[in-house]
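Colleague: Before anything else, here's the structure in question.
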Amino acid sequence: MSMKILNPKNIYHSPRYYSGVKAGNTIYTAGRVPLDLEGNVVAPNDARAQTEYIMEDLKLILAEGGATFQDVVYVHTYCLYGEDMPVIHEVRQRYMGDHYPPHTGTRVDNPFWVERGIRLEIEVIAVVED
Amino acid sequence: MSMKILNPKNIYHSPRYYSGVKAGNTIYTAGRVPLDLEGNVVAPNDARAQTEYIMEDLKLILAEGGATFQDVVYVHTYCLYGEDMPVIHEVRQRYMGDHYPPHTGTRVDNPFWVERGIRLEIEVIAVVED
Amino acid sequence: MSMKILNPKNIYHSPRYYSGVKAGNTIYTAGRVPLDLEGNVVAPNDARAQTEYIMEDLKLILAEGGATFQDVVYVHTYCLYGEDMPVIHEVRQRYMGDHYPPHTGTRVDNPFWVERGIRLEIEVIAVVED
């Protein structure tokens with residue numbers, strides 16, 4: 004399938020995978036952790052600030068595919084501590100407005116995250132009009 | 004994308020996200036844990052009863068989108084104990100009949116689940132005819 | 004939805020679910036662990052060999068749906084040890100060529116995997132031309 008690569012400028016992209024692709028009218032993003040342009044962890048251990056950073060990145064990735072958060076059909080959040088979920092929900096919803104896409108939250112143990120102060124990862128699927 | 008919200012009556016819905024959406028001909032559900040209408044855990048620590056409860060809920064969510072279990076293209080089960088997978092498979096298959104959609108099972112550690120007696124979570128993707 | 008079952012010959016298939024399906028132009032695979040035709044673990048605890056084995060299997064599943072790795076829009080890798088991710092990325096990329104689909108990596112604790120020497124699981128979504 005010919006697909007559009009969604010690697011917008013001015014955000015971090017892994018050398019190992021695209022941050023997102025658009026195939027047909029569906030957008031898939033990679034799981035997004037809070038890394039700045041140089042790949043450094045943003046606001047270590049601050050779930051609120053990290054969620055904001057991730058949402059800003061996702062907004063740009065979606066925009067590159069002609070989508071907004073209103074087009075998101077699925078959100079998956081991975082987090083170290085379930086205690087962070089209320090603030091993650093709160094921040095995400097500020098970006099989602101009155102749109103409440105289906106969400107799955109998964110608790111993970113990840114020693115690398117603990118070491119670097121990464122608290123969460125978010126990935127989304129979005130569908131735009133044909 | 005204009006999408007249909009799949010929040011059928013008489014089952015629990017999170018205030019934070021829709022239980023499912025239908026965008027085009029694809030249905031995405033949120034990860035579903037065994038909660039009754041008031042949000043209480045159903046049959047704590049009984050993986051069989053909880054799987055049945057979740058499957059009944061998913062049936063209604065799919066129906067709201069014009070789908071049945073025969074339309075499911077992917078199932079993801081998250082569980083606390085791998086020992087529960089045989090009974091989860093058995094119960095799920097009773098609902099799936101002779102349809103065996105691709106499945107991924109992920110073991111998770113979740114202290115909140117342990118505390119509340121939640122043993123598993125299931126999410127599905129389904130595709131209906133145009 | 005009428006869908007095509009993707010259970011190619013000469014690779015292991017679970018009795019509990021199809022290895023993949025194609026619905027419309029989208030292919031969903033089950034999470035794939037390194038099992039040989041008889042269901043025995045391949046190359047216990049060798050992440051490199053297991054990744055190769057899984058990628059070979061996925062290649063056949065995709066081919067059954069008329070797809071190649073160039074059509075993959077999303078990859079999810081589950082692994083026991085984050086230390087294995089570099090070699091998993093390296094091997095996967097050998098199969099992907101210059102295509103770098105969005106990827107999410109999730110660390111899991113799974114006593115059954117530890118016991119059997121399974122180090123990882125990979126699932127993909129692919130989209131082919133209509």
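Chains as they are written, first to last, in this note's numbering: chain A, 4 to 133; chain B, 4 to 133; chain C, 4 to 133. From the three backbone atoms N, C-alpha and C, an ideal C-beta is built for every residue, glycine too.
Specify, as a first and last residue, the run of the alpha helix (DSSP H) that B:K12 falls within.
Modeller: Segment: none, B:K12 is in no alpha helix (DSSP H) and carries neither H nor E.
Colleague: If the criterion is Cβ atoms closer than 8 Å, does the pair B:A26 and B:V75 meet it?
Modeller: no
Colleague: With a threshold of 7 Å on Cβ separation, who are the neighbours of A:I91 within its own chain once the five nearest residues in sequence on each side are excluded?
Modeller: A50, T54, T80, C82, L123
Colleague: Can you look up A:R97 in the DSSP assignment and give me helix, strand or coil?
Modeller: helix
Colleague: With a Cβ-Cβ cutoff of 8 Å, do C:Y20 and B:Y103 count as a contact?
Modeller: yes
Colleague: B:Y77 touches chain C at which residues, Cβ-Cβ below 7 Å?
Modeller: Neighbours of B:Y77 on chain C, chain order: Y31.
Colleague: Should B:R19 be flagged as near chain C, meaning a C-beta pair shorter than 8 Å?
Modeller: Answer no: the Cβ-Cβ gap between B:R19 and chain C never drops below 8 Å.
Colleague: Measuring CB atoms only, is the segment 34–47 of chain C touching the segment 94–102 of chain C, in the sense that at least three cross pairs come out at less than 8 Å?
Modeller: no
Colleague: Rounded to a whole number of angstroms, what is the C-alpha to C-alpha distance between A:P47 and C:N10?
Modeller: Rounded to whole angstroms, A:P47 and C:N10 show a C-alpha spacing of 45 Å.
Colleague: Quick one: which chain C residues come within Cβ less than 7 Å of A:M4?
Modeller: D74, V130, V131, E132
Colleague: Got a sec, what are the start and stop residues for the beta strand (DSSP E) B:V111 sits in?
Modeller: B:V111 -> no beta strand (DSSP E), and no H or E assigned at all.
Colleague: Under 8 Å between C-beta atoms, does A:A26 make it to chain C?
Modeller: yes
Colleague: Which residues, taken in chain order from the segment 94–114 of chain C, show a beta carbon closer than 8 Å to some beta carbon of chain B?
Modeller: T109, V111, D112, N113, P114
Colleague: How would you write the range of the beta strand (DSSP E) that B:L123 sits in, first residue to last?
Modeller: Per DSSP, B:L123 belongs to the beta strand (DSSP E) from 123–130.
Colleague: Under the assumption that B:R119 contacts B:V44 (Cβ atoms under 8 Å), give the Cβ distance between them as a whole number of angstroms.
Modeller: 5 Å
Colleague: For the segment 34–60 of chain A, which residues have a CB atom closer than 8 Å to at least one CB atom of chain C, in sequence order?
Modeller: G34
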